[in-house]
Amino acid sequence: MAKFEDDFLNLVDSMFNLTDEQHKEIIQAYKGSLDNIQILIAKIFMQYAVDGKLTLADLNKYNRLVSIEQQIKEEIKNLGGIETKHFNTILTEVYKQTYYQTAFTLDTITQAVIDFALLKPEFVKEVVAFNWSGVPFSERIWGKNDALVKALRTELTQGIIQGDSVDKMARRIRKQFNTSVYNSQRLMRTESARVISSAQEKIYQESGVVQELIYTATLDNKTSEICRSHDGKRWKIDDDTRPKIPAHPNCRSCWIPAVKNYQPKVRKDNETKKIIKYKNYKDWSKSKGIK
Numbered sequence: 002m003a004k005f006e007d008d009f010l011n012l013v014d015s016m017f018n019l020t021d022e023q024h025k026e027i028i029q030a031y032k033g034s035l036d037n038i039q040i041l042i043a044k045i046f047m048q049y050a051v052d053g054k055l056t057l058a059d060l061n062k063y064n065r066l067v068s069i070e071q072q073i074k075e076e077i078k079n080l081g082g083i084e085t086k087h088f089n090t091i092l093t094e095v096y097k098q099t100y101y102q103t104a105f106t107l108d109t110i111t112q113a114v115i116d117f118a119l120l121k122p123e124f125v126k127e128v129v130a131f132n133w134s135g136v137p138f139s140e141r142i143w144g145k146n147d148a149l150v151k152a153l154r155t156e157l158t159q160g161i162i163q164g165d166s167v168d169k170m171a172r173r174i175r176k177q178f179n180t181s182v183y184n185s186q187r188l189m190r191t192e193s194a195r196v197i198s199s200a201q202e203k204i205y206q207e208s209g210v211v212q213e214l215i216y217t218a219t220l221d222n223k224t225s226e227i228c229r230s231h232d233g234k235r236w237k238i239d240d241d242t243r244p245k246i247p248a249h250p251n252c253r254s255c256w257i258p259a260v261k262n263y264q265p266k267v268r269k270d271n272e273t274k275k276i277i278k279y280k281n282y283k284d285w286s287k288s289k290g291i292k
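Letter by letter, the sequence shown follows residues 2 to 292 of the working numbering.
So this is what it looks like as C-alpha cells:
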C-alpha cells in the first residue's frame, strides 16, 4: 500500500502531461493566426504608409480601417472555432483515459474486482460540456477571443496615433497574442482538472471499495491558500459538502481514494521532487519555513 497515493498522483500527472502535449496544436493555431495578422499589417504599411508611418485619416478613407478590423475579427473567429474543437477533443480523451486507468489502478492495488460500466459517448459529451463555474468553457473561449479582438483593435489604433513603425506594431500584436495563449493554457489545465476529478469520482463511486476521499494538494509554494487549507483532510465519498475540484483556475489538487484502514505514508515534495514521509501542507510548510 506504500505506493497507493504515488500511483494515483502519477496517473493525474500523466493526464496533465497529455493535456499539455495536445494543447500544442492550439498553440500552433495561434501562431498561424498571428502570422496572418502580421502579414496583413505589413501589407497595410506597404499600401498606405507615408515615410514608414500610417495615419488614421488615410485609413478611414473608404472605410479602410473598418475593413482591416473586420479581417482581424474573422481571423480570430476562425481561431476560436479551431480552439473550441480541440478543447472538446482533448477533454474527451482525458476523461476516458482517466476513468479507465483509474479503474485499472484501483483494481490492481486493492485486488478487488471493480464492476465499472463502459462509458457512453453521450455521457462523456455531457460531462465535458458541464458548466462548473457559471460559464461553460466554450463561452470562455469566445469571451477570451472577443477580448483579444478588442485588444488588437486598440493596439492598432494606438500604434497608428503614436506613429509606430511596422516592427513596433508587430511587437504590439505579438504581446496580445502571448497573453491570449497563456489564458488558453490556463483554461485548458483548469478544465482538465475538472474532467480528471469527475472521471475519478465516478469510478470511486462505482467501485464499492472507496469509503473516503483525501484532498491532496501540491507541496510547493505556488499552491493556493484554499488548497493548502484542505490538504490532507478526509471526506466521506457521499458527502455533498466536500469541496469541489478544481477549486480555482489552474488548480492542481486531486482526490486520493481511501479504502478501508488506509493511511498515506509517503508523498512527493514538489520543491525537491523527492518522495518524503507523509505530511499535510501545513506541517510541510512549517518544516520549509514557508508562510
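Positions of the beta carbon are idealized from the N, C-alpha and C atoms, including for glycine.
These figures come from a predicted structure and were not determined experimentally.
Sheet register partners of residue i (DSSP bridge)
{"i": "THR219", "result": "Beta-bridge pairing links THR219 to no other residue."}
{"i": "CYS255", "result": "THR217"}
{"i": "LYS54", "result": "VAL51"}
Where residue i falls, given that 16 or more other Cβ within 10 Å makes a residue buried
{"i": "VAL67", "result": "exposed"}
{"i": "THR242", "result": "exposed"}
{"i": "ARG253", "result": "buried"}
{"i": "ILE27", "result": "buried"}
{"i": "GLY164", "result": "exposed"}
{"i": "PHE124", "result": "exposed"}
{"i": "LYS275", "result": "exposed"}
{"i": "ASP52", "result": "exposed"}
{"i": "SER15", "result": "exposed"}
{"i": "LEU119", "result": "exposed"}
{"i": "TYR183", "result": "exposed"}
{"i": "LYS283", "result": "exposed"}
{"i": "ASN64", "result": "exposed"}
{"i": "LYS176", "result": "exposed"}
{"i": "GLY144", "result": "exposed"}
{"i": "MET189", "result": "buried"}
{"i": "ASN132", "result": "exposed"}
{"i": "VAL136", "result": "exposed"}
{"i": "ASN146", "result": "buried"}
{"i": "PRO265", "result": "buried"}
{"i": "MET170", "result": "buried"}
{"i": "ASN281", "result": "buried"}
{"i": "GLY290", "result": "exposed"}
Presumed contact (8 Å Cβ cut-off) between residue i and residue j, rounded CB distance
{"i": "ASN251", "j": "THR180", "result": "Not quite, the Cβ-Cβ distance comes to about 15 Å (not below 8 Å), so this is no contact."}
{"i": "VAL267", "j": "LYS278", "result": "6 Å"}
{"i": "SER199", "j": "TYR96", "result": "7 Å"}
{"i": "PRO258", "j": "LEU107", "result": "7 Å"}
{"i": "ILE204", "j": "GLY233", "result": "The Cβ separation is near 22 Å, so there is no contact."}
{"i": "ILE174", "j": "LEU57", "result": "Actually they are not in contact, since the Cβ atoms of ILE174 and LEU57 sit about 17 Å apart, beyond 8 Å."}
{"i": "ILE238", "j": "GLU213", "result": "6 Å"}
{"i": "ILE110", "j": "ASP8", "result": "6 Å"}
Helix, strand or coil at residue i according to DSSP, with G and I counted as helix
{"i": "ASP116", "result": "coil"}
{"i": "ARG268", "result": "strand"}
{"i": "ARG154", "result": "helix"}
{"i": "LYS261", "result": "coil"}
{"i": "LYS245", "result": "coil"}
{"i": "ILE238", "result": "coil"}
{"i": "LYS280", "result": "coil"}
{"i": "LYS275", "result": "strand"}
{"i": "SER225", "result": "coil"}
{"i": "ILE291", "result": "coil"}
{"i": "ASN146", "result": "helix"}
{"i": "GLY82", "result": "helix"}
{"i": "PHE131", "result": "coil"}
{"i": "LYS121", "result": "coil"}
{"i": "VAL211", "result": "coil"}
{"i": "ASP108", "result": "helix"}
{"i": "VAL95", "result": "helix"}
{"i": "ASP232", "result": "coil"}
{"i": "VAL136", "result": "coil"}
Residue-chain proximity (residue i, chain B), Cβ-Cβ < 8 Å
{"i": "PHE117", "result": "Absence of chain B from the displayed structure is noted, only one protein chain being present."}
Next on the checklist: As an exercise, report each continuous alpha helix (DSSP H) stretch of at least 4 residues that is fully enclosed by the region 159-193, in chain order.
Outcome noted: Within the region 159-193, no complete alpha helix (DSSP H) run reaches 4 residues.
Item to check | Sequence ranges, beta strand (DSSP E) only - wholly within the region 9-37, length at least 3 | outcome: Segments of the beta strand (DSSP E) lying fully in the region 9-37: there are none.
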